[in-house]
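Numbering (my numbering), first residue to last: 3 to 189.
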């Protein structure tokens, strides 16, 4: 359940961008929604693997304070998501465009999955099964990104900021739980 919550929290950036992408479509094209979801889901799946590999290289140095690292990383990522959602301006909205711009999607997929890289580092310290974690994160991000395009096309970006704030809160709470677990304050 904790892994699913982390995956949902991580996917909120991609969901928010997908809402905007859906809004930018005059006509909803499910093939375009699938391509967008594949970019976001693929990068959200790959980045924790990369982070895990990096984290494993330094695990022996960090293991004594891994719970503090997890708490700090998840707190920072969650706080950043909330901050960005709160300070977003209406003029940041996207322009109507029917084409898929693959370079733009690549940049957006990388940008929205950087936090998954940091979570992958955390997974290395917490002895998480990385293949399962990456698959769950990728699948949930794919599904929510596809849904985001559809919902964005139908309802606009009214949910964008709420989704990012919610995702940020979830990541912060998971960080607090990890810290309290390792400090022995949760039974």
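Backbone N, C-alpha and C fix where the C-beta goes; we use that ideal spot for every residue, glycine too. In this text, all values refer to a predicted model and were calculated from it rather than measured experimentally.
The three-state secondary structure of residue 184, taken from DSSP, is helix. Boundaries of the alpha helix (DSSP H) around residue 50: 32 to 64.
For the pair of segments examined, the stretch 41 to 56 was found not to touch the stretch 78 to 86: the number of CB pairs separated by less than 8 Å stays below three.
Contact between residue 148 and residue 50 does not hold, since their C-beta atoms are separated by about 20 Å, which reaches or exceeds 8 Å. Non-local beta-carbon contacts of residue 34 in its own chain, meaning distances under 6 Å to residues more than five positions away in sequence, involve 102 in chain order. Distance from the CA atom of residue 16 to the CA atom of residue 143, rounded to whole angstroms, is 7 Å.
7 Å or more divides the Cβ of residue 53 from the Cβ of residue 11.
For residue 117, the number of other beta carbons within 10 angstroms of its own is at least 16, and it is reported as buried. The way I'd put it, the stretch 162 to 170 doesn't touch the stretch 63 to 70; fewer than three beta-carbon pairs between them come closer than 8 Å.
By the C-beta density criterion, residue 62 is exposed, having fewer than 16 other C-beta atoms within 10 angstroms.
By the Cβ neighbour-count rule, residue 28 is exposed, with fewer than 16 other Cβ atoms within 10 Å of its own. Judged by beta-carbon spacing, residue 6 lies beyond the 7 Å limit of residue 114, meaning their Cβ atoms are not closer than that value. Per DSSP, the continuous alpha helix (DSSP H) segment holding residue 68 begins and ends at 68 to 89. The beta carbon of residue 77 is closer than 8 Å to those of 173, 174, 177, 178 in its chain, skipping five residues each way along the sequence.
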